[in-house]
Amino acid sequence: EVVLVLAVAAMIFLMVFIALPAMQIMQRDTARANDVNRITTQLNSYQSNNNQKIPSMDKDAYVSGHADVDKDVFKSAERTSWAYFYDAYLIGTDTKQKFADPDQEPYSLEISSCKAADSYDPESKECKNGQRTHYTFTQQSEGTEDNTSNDRYASKGTPGHTISIVVNSSCDGETAVHSTGGNKVSVLYKREGGGVICRSI
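Residue numbers (the numbering used here): -4 to 196.
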């Protein structure tokens, strides 16, 4: 009987040992999906305050992650920039309002376009820029230094944990596809447990 009890206890321990990491990954991916949803919600708020426009592609292509608002952004950065959107709508001046991956590293934003005819497949309409299906979660987390914009406000912070924003697109499952609407945006982020989060406005 002792052997049987020990065997059952070992099985329970093994099941918990195997299941717990998977559950933790699922919880982290749920938090990431909520953060992606937050971007789309805040983009809608930005549009409401700016004549239904979204931040301009002309201003910056990469906003490095940071936890604290750069107050100079509100003085000098143009309100049409993604750097302004990041500080004003995603982190804000309230220190309780964080915009970070569950591992506590702040998210960065990479902005690309699916407007030009050569930026998407003419048949499938799949955008050539900003997709996350060909990235590993690790690559997404590490980021790329040379993606950082020349905008000195967008350049501050740490590249990595990069959320992809594709303008002139909408989500088709886990993929961004071309959309004719100038204010159409897809937001994509690779899941740690596999697959891609894609939300659009």
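Note that the Cβ used here is the ideal one computed from N, Cα and C, for glycine as well.
Since we're looking at a predicted model, the values are computed, not measured.
{"query": "Give a yes or no on whether the C-beta atoms belonging to Ile160 and Val31 are separated by under 8 Å.", "result": "no"}
{"query": "Enumerate in chain order the residues of its own chain whose CB-to-CB distance from Cys122 is below 7 Å, with the five nearest sequence positions on each side excluded.", "result": "Cys109, Ser114, Tyr115, Val161, Ser164, Ala171, Val172 and His173"}
{"query": "Please report the distance separating the alpha-carbon of Pro16 from that of Pro101.", "result": "23 Å"}
{"query": "Starting from Glu105, follow the beta strand (DSSP E) in both directions and report where the run begins and ends.", "result": "Ser103 to Ser108"}
{"query": "In chain order, what residues of the same chain lie with their CB nearer than 8 Å to the CB of Lys179, ignoring the 5 residues before and after it?", "result": "Val162, Asn163, Ser164, Ser165, Ser195 and Ile196"}
{"query": "Tell me the residue span of the beta strand (DSSP E) that contains Ser165.", "result": "Ser164 to Asp167"}
{"query": "Output the residue ranges of the alpha helix (DSSP H) runs that lie fully inside the segment 50 to 86 and measure 4 residues or longer, sorted by chain position.", "result": "66 to 71 and 77 to 80"}
{"query": "What are the start and end residues of the alpha helix (DSSP H) that includes Thr133?", "result": "Phe132 to Glu137"}
{"query": "Hey, quick one: how far does the beta strand (DSSP E) through Thr170 stretch, first residue to last?", "result": "Thr170 to His173"}
{"query": "Three-state secondary structure (DSSP) at Thr25?", "result": "helix"}
{"query": "Out of curiosity, what's the CA-to-CA distance linking Gly60 and Ser136?", "result": "11 Å"}
{"query": "Secondary structure at Ala95, three-state DSSP: helix, strand or coil?", "result": "strand"}
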